[in-house]
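Numbered by mature numbering (1 follows the signal peptide of the UniProt record, and there is no 0), the letters in the sequence shown go through residues -20 to -1, 1 to 1127 in order. Each residue gets a CB set at the ideal place from its N, CA and C atoms; glycine is no exception.
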Amino acid sequence: MMGLNGFVLWFTLFFMACKPFVLNIATCNVNSIRGEVSRRTAFGELGKLSAHIFFIQETRINSRADMVKVKKEWSLGASYWSIGEGSHDGIGILFNRLIVDVVSEFEIWPGRYLLLDVRCKGIPLRLINVYSPQTVVERKKLWGLIKPMLFTQKMVILGGDFNNVLLVMDRSHKNYKLQYDEVFLSNSVSRALLIDAFATANPGIEGFTYERGGAKSRIDRFYLSNLLLLAKVKNLPLCFSDHVCVFASLRFKNFLPRGKGIWRNNVSLFSFPEIRDTICSVIRDTRSLKFMYGSAGGWWDAVKMEVREVLQFYRRLNSKRLQSDHCKARVNLAKLLEDRNNGRVVSYREIVVGKKDLLEVIKQKEKALIFLQKLMSTRGGHSLNYDHFKVQRGMKEIVKLKSADGATWGKGILDVVASHYTEVFRCKDSCSKEEIEAFFSKVGLSSGRVVEANLCDPITIEEVNRAIDELLNGKSPGLDGLSNEFFKVFKNELSPLLEELYNEGLNTDSLPKSFRESVLVLLFKKGDKEVLGNYRPIMILNADYKILVKILNNRLKKIAGEFLSNTQNYAVPGRNIYHSLVYLRELVIASVYDGANFWLLSLDQEKAFDRVSHLFLYETLTRLGVQKGFVKWLKILYNKAVALPLVNGHLGSGIPLQVGVKQGCPLSPLLCAISLEPLIRLLSAVVPSVKIGAVDCPPMTIYADDISILFKQQKDLDNIFSSLNAYSAVAGSKVNYNKSKLMWFGNEPSSNIKGNFQVVRESVNLLGIDFFCGDMAERNWQVGINRMKEKLAQFSGYTENIFTRAQIIKTYVLPLCLNIAVVFPLPVKLISLVNSVFYSFIWGSKLARVKRSITYYKVWEGGINMINTEAFFSSMFLCFNLKAVFCSFPQAWAKVLYQRLEVWLKNWENGAVVRRFFLKVSNQPIYVIGLLKILNQWNILKSDLLQKSRKNLYGCIVSDFCSEPIKLKACPPEWETKVLANLSLKGIPDQVKSVNWYILHDKILVRGNIKHKKLPDVACPRPTCSGIPESQEHLLVDCPFAVKVWKLLFRASSITLPISYNALVCGILPSTISECKKSALLVLLAIIKYFLWNSRCAFLLRQEYCSEEQMWKLIARMGKGVAEGDRSHLPGWLWNRKWADFCWDTG
């Protein structure tokens, strides 16, 4: 028997193992521990606290000797310190009886910003200790350096003395307003999904941590990742400091931190010739070893593994180099600061260079975030939008889930997801072959029919190359981590291998094992985030698999139109969602103007992609005439396929895909459409068509799994029910009756309809458009405008560059209303509202400085490449609707539209213009009047419409009706084209472009240009100008300050230019200068004008003075950055011609 002592020991160990781990953290401003007495007092007080990690600020340690002393005297654990630049600086992170594995240590701002990546009890943590400067400008700069490091898979603990507040209640002052650095920090922590520890644990409680002169504030705080579980947070007074210590306890029971996710290759590595050559040699060597593997699939998986190991090696090498460089820079800067603090002479340049080397880690992090931003698919470009990361993490991150056993969080979430989708993808085929045969006989699809097509021909290298070219950059790679860019960079080496692999693998059923594996990612849609059904499952596939299915999809879609019904507008070449929308528009309008009466049923298929029966799909393909060899290939692709769920960065075990098609696979949309074809044919046989005028319209329209059916009687609905039940029995589909809607259009129905559907009275939303008997155009456009406002709000503060803002509108905002623009023309009364939304974003909610007609020009023509909203939406509506009317084989909706337009278009078809007078008295739908008004307003002829693309038609409208010539101040007319073209010169930094554009148009806001404000003083603010009126020419050319800066440029470039408006502002340079040198000078002229304007604003608004030499240092730094950027892509001889003569000495 176990003795008493043994039992006690066993019980103690068992209790400790069961007891959840609690991590206690504390932050406090120690108010100097430089002296031995103060150090002993502070360390003794801190040692009495039960905190495991301390964040301390204002240590005032300014030498490495002092650092060695404090490390020895803190005997309770490891400690990490940062020497400060000022006398009050210095921070440290101390561990109290806690063993952690420190992965990396970064000192970004000496004495102010210290970062540690550690593993504590197996949990990856990022600890960031902050001691904020006193000035608003310096604090804003510090937050900018912290911001990129908050976006990580690790659990972030950000703590320290922030010297500001984020909540008004955290100041004792009444009517306190947050300053701009406080707003910036608030936005940063919000976008990184961090929570204020004290405010979350103690809502409504003030909790001041510092008091001075009767004013109280809560400036000492902790911000934590939202996945961390707070036990308690309290403030503890300290006897040695005038600040309160903030103490927080974090519970880790059942805690699952964010995982690393799946490995992905670093695309930037492909730019190094050494790495490219190594990968090419690996590919060549492994090809010669193919005979050693039992199958083509096993050999290809080995090739990918070899390539992956090479890329991982170079990535580790790059990471080690970065850490080593940072460590050297940190030691060097610490020595410089120590020397300066001890009275030795240290130049300002040495300090600046030392700080710049420390910031290299921030630059690398921002590059990585830009890469991730592109992978997450909704933001591109070379600028970071942190709102995007908040949205994406909010869509993918699951904090808690509701299950049958109650709420689940932490480690249990992955099990719940795996269990749920195991059931979703479980085979439910319970029908026999005889039942399937009977169903297809009822549909009228007999076996034996074969469509003539070369679907089973061997795959060619041309098809492989085409599929690789079709891959989009910036997409997430699959489980193997090899991105689309990898296959594009090494296309010539990989194409022959892939051709051989695909042909052998499909013919011998020996495709790689990695082809069967996909990553299951859940994206939140809407509703309760704790309900798993509100997430959309997306399969992330390997790029080599996507290349193969793209080839098969390209073959199949060529013949899809031959066997898919005309009512299916999804995944069929030449058809799209617009056809379904305008069909529904014509039917609803017919109920108002043509006396049509019908019920409109919108069917909602529950998880349509995930419920497709494989057996039924293969049988449908065969009966539609697809060759059996091609069907066999599809069976190989889905045989033993598994999906590995990825939740919060953790990868689960494989889930067999026994049913469903993979959402995210290029072939899946067409397979889903094909699986619905028997249902469409069955419904077409039992539901009569709808007659509008002389046109028989089909009783339904389908886009993907959205089916809209028209019927008139209860008998028709009973037939629809019967058809749906018969289809569901063999195909595995399921109709969600709670979300399916039914609405009556026309006169009052003669009888009520009995069914399980939800009957709506006012409107029904189909494919994102509200349909009802009324002014559909205005309501839908109002919804679309609100949607555009919300999207633009996400980009608020994203960039000051007006060119980028115009591009944001065209790329991310306009697509939100394209569906509406095709169905309904933009109402005249809403045109000004749309323009105000767009231009308030472009001008930053300020007064417009330039006429809108100028903004429509291309950048090299003097505009910002902005769209004219009226012309753009009008051309969209006109081209789709009228081109469909005059095509060779118009659809039913186009025939109905022509019936309405026939009277008006007879003369127009013969070359005449639509007469506006008759439009005022016609009794036609609003959209028809709108279409005819567009033809009249823009003087569009039939030949223009049919011979020009939509883009060309829009260009003609803008150039003929919406633009006016640009006239530049003091620029000779013969030079205007050349001067305007300089706006798009390659190499001009983004932040410089907007200011130069305003300057060129003479719209910069100098006092002489702000005439509408009637300023009492319009003199130049610089004292050397003694009352001279401030004009744009004076600011940039005549001001003595500007003249000195221009002379510094002449000295640096060894070229003397005339100090005139034409030369320095317009960029009209002497012909004796070579073209290479001219392009470099034009970039520097743009940079100088930018800094002249910025220094003037800083002097006038913030009383910040910058000398000519200090400004030149800034100019030279930016110019050198442009030159170094050119070095990477210009030949050496050309770079020397362009930049070698410039002197960048900023000492």
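What separation, rounded to the nearest whole angstrom, lies between the Cα atoms of residue 921 and residue 562?
Locating residue 921 in the sequence shown gives position 941, where the first residue counts as 1. Locating residue 562 in the sequence shown gives position 582, where the first residue counts as 1. Using only the alpha carbons, I get a separation of about 23 Å.
Tell me, please, which residues DSSP counts as bridged to residue 190.
By 1-based counting over the sequence shown, the position of residue 190 is 210. Per DSSP, 197 and 223.
With residue 580 and residue 680 assumed to form a contact (beta carbons below 8 Å), what rounded beta-carbon distance in angstroms separates them?
As a working note, residue 580 is residue 600 in the sequence shown. As a working note, residue 680 is residue 700 in the sequence shown. Not really, about 10 Å apart at Cβ, beyond 8 Å.
Cutoff 7 Å; reference residue 491; Cβ partners in own chain excluding five residues on either side:
Position 511 of the sequence shown, counting from 1, holds the residue named residue 491. Once the five neighbours on either side are set aside, the close Cβ partners of residue 491 are 277, 485 and 616.
How is residue 100 classed by DSSP in three states: helix, strand or coil?
By 1-based counting over the sequence shown, the position of residue 100 is 120. Three-state DSSP puts residue 100 in a strand.
Do residue 129 and residue 86 come within 9 Å of each other at the CB atom, strictly closer than that value?
The sequence position of residue 86 within the sequence shown is 106, counting from 1. The sequence position of residue 129 within the sequence shown is 149, counting from 1. In contact: residue 86 and residue 129 (Cβ atoms closer than 9 Å).
C-alpha gap between residue 498 and residue 450, whole angstroms:
Counting from 1 along the sequence shown, the entry for residue 498 is found at position 518. Counting from 1 along the sequence shown, the entry for residue 450 is found at position 470. Roughly 20 Å separates the two Cα atoms.
Please work out which residues of its chain come closer than 8 Å, Cβ to Cβ, to residue 633, disregarding the five sequence neighbours upstream and downstream, and give them in chain order.
If you number the sequence shown from 1, residue 633 lands on position 653. Leaving aside the five residues that flank residue 633 on each side, the residues in its chain whose CB is nearer than 8 Å to its CB run, in chain order, 398 and 624.
Where the beta strand (DSSP E) containing residue 498 begins and where it ends:
In the sequence shown, counting from the first residue as 1, residue 498 sits at position 518. Its beta strand (DSSP E) spans residues 497 to 504.
DSSP three-state label for residue 1179, please.
Look at the range of the chain in this structure, -20 to 1127, and you will see that residue 1179 is not part of it.
What residues in its chain sit with their C-beta under 7 Å from that of residue 807, if we drop five residues either side in the sequence?
For the purposes of this step, residue 807 is identified with residue 827 of the sequence shown, where counting begins at 1. Correct list, in chain order: 757, 758 and 761.
Which whole-angstrom value is the C-beta distance of residue 470 and residue 260, which I expect to be below 8 Å?
Translated into positions along the sequence shown, residue 470 becomes position 490. Translated into positions along the sequence shown, residue 260 becomes position 280. Here residue 470 really is in contact with residue 260; their C-beta atoms are around 7 Å apart, less than 8 Å.
CA-CA distance, residue 548 and residue 564?
Reading the sequence shown from its first residue, position 568 is the one you call residue 548. Reading the sequence shown from its first residue, position 584 is the one you call residue 564. Cα to Cα, residue 548 sits roughly 14 Å from residue 564.
With DSSP run on the structure shown, which of helix, strand or coil describes residue 805?
The residue you call residue 805 lines up with position 825 of the sequence shown. It is coil, neither helix nor strand.
Rounded straight-line distance, which links the Cα of residue 820 to that of residue 813
Here the question's residue 813 lines up with position 833 in the sequence shown. Here the question's residue 820 lines up with position 840 in the sequence shown. Using only the alpha carbons, I get a separation of about 11 Å.
Give the straight-line distance between the Cα atoms of residue 976 and residue 910, rounded to the nearest whole angstrom.
Here the question's residue 976 lines up with position 996 in the sequence shown. Here the question's residue 910 lines up with position 930 in the sequence shown. Going by the C-alpha atoms only, they are around 40 Å apart.
Going by DSSP, what residues sit across from residue 228 in a beta bridge?
As a position in the sequence shown, residue 228 is number 248, starting the count at 1. The partner list for residue 228 (beta bridge, DSSP) reads 5 and 213.
With three or more beta-carbon pairs closer than 8 Å as the criterion, would you say the stretch 596 to 610 touches the stretch 790 to 810?
no
DSSP state of residue 677, grouped into three classes?
For this step, residue 677 is matched to residue 697 along the sequence shown. Three-state result, residue 677: strand.
Taking C-beta to C-beta, are residue 918 and residue 937 nearer than 9 Å?
Sequence index remark: in the sequence shown, residue 918 carries index 938 (1-based). Sequence index remark: in the sequence shown, residue 937 carries index 957 (1-based). It is a contact, given that the beta carbons lie within the stated cut-off.
If you compare alpha carbons, which of 540, 258, 601 and 493 is closest to residue 425?
Here residue 425 refers to the residue found at position 445 when the sequence shown is read from its first residue. Looking at the Cα atoms, 601 is the closest of the given residues.
Is the distance from the Cβ of residue 667 to the Cβ of residue 685 below 9 Å?
Locating residue 667 in the sequence shown gives position 687, counting from the first residue. Locating residue 685 in the sequence shown gives position 705, counting from the first residue. Contact flag unset, no.
For residue 704, the nearest candidate out of 732, 947, 224 and 664 (CA to CA)
To locate residue 704, count along the sequence shown from 1; it is residue 724. Taking only the C-alpha atoms, the option nearest residue 704 is 664.
Considering residue 1122, what are the terminal residues of the alpha helix (DSSP H) in which it resides?
The count along the sequence shown starts at 1 and reaches residue 1122 at position 1142. Premise fails: residue 1122 is in no alpha helix (DSSP H) and is neither H nor E.
Would you kindly check if the distance between the Cβ of residue 559 and the Cβ of residue 864 is under 9 Å?
The count along the sequence shown starts at 1 and reaches residue 864 at position 884. The count along the sequence shown starts at 1 and reaches residue 559 at position 579. Contact: yes.
If I follow the unbroken beta strand (DSSP E) through residue 54, where does it start and stop?
What you label residue 54 is simply residue 74 of the sequence shown in a count that begins at 1. Taken as a continuous stretch (DSSP letters only), residue 54 belongs to no beta strand (DSSP E), as it is neither H nor E.
Determine whether the beta carbon atoms of residue 582 and residue 660 lie at a separation below 9 Å.
Taking the first residue of the sequence shown as 1, we reach residue 582 at position 602. Taking the first residue of the sequence shown as 1, we reach residue 660 at position 680. No, the Cβ-Cβ distance between residue 582 and residue 660 is not below 9 Å.
Between residue 185 and residue 143, is the Cβ-Cβ spacing less than 9 Å?
Residue mapping note: residue 185 aligns to position 205 of the sequence shown, counting from 1. Residue mapping note: residue 143 aligns to position 163 of the sequence shown, counting from 1. With respect to residue 143, residue 185 sits apart: the two C-beta atoms are not nearer than 9 Å.
Which partner residues does residue 516 have in the DSSP bridge list?
What you label residue 516 is simply residue 536 of the sequence shown in a count that begins at 1. Paired residue(s): 503.
Using CA coordinates, which residue listed in 690, 967, 831 and 316 is at the minimum distance from residue 946?
By one-based count along the sequence shown, residue 946 stands at place 966. Among 690, 967, 831 and 316, the Cα nearest to that of residue 946 is on 831.
Beta-carbon separation of residue 75 and residue 103 under 9 Å?
Residue 75 sits at position 95 when you count from the first residue of the sequence shown. Residue 103 sits at position 123 when you count from the first residue of the sequence shown. No.
Determine the DSSP secondary structure at residue 643, reduced to helix, strand or coil.
The residue labelled residue 643 in the question sits at position 663 within the sequence shown. Of the three classes helix, strand and coil, the one that applies to residue 643 here is coil, per DSSP.
Between residue 31 and residue 5, which are expected to be in contact by the criterion C-beta below 8 Å, what is the C-beta distance as a whole number of angstroms?
The residue given as residue 31 occupies position 51 in the sequence shown. The residue given as residue 5 occupies position 25 in the sequence shown. Contact holds; Cβ gap of about 6 Å.
Return helix, strand or coil for residue 780, following the three-state DSSP convention.
The residue you call residue 780 lines up with position 800 of the sequence shown. Here residue 780 sits in coil by DSSP.
Is DSSP giving residue 135 helix, strand or coil here?
For the purposes of this step, residue 135 is identified with residue 155 of the sequence shown, where counting begins at 1. Strand at residue 135.
So, for residue 964: in the same chain, excluding its five sequence neighbours on each side, which residues have a beta-carbon less than 7 Å away from its beta-carbon?
Residue 964 sits at position 984 when you count from the first residue of the sequence shown. Result list for residue 964: 839 and 840, in chain order.
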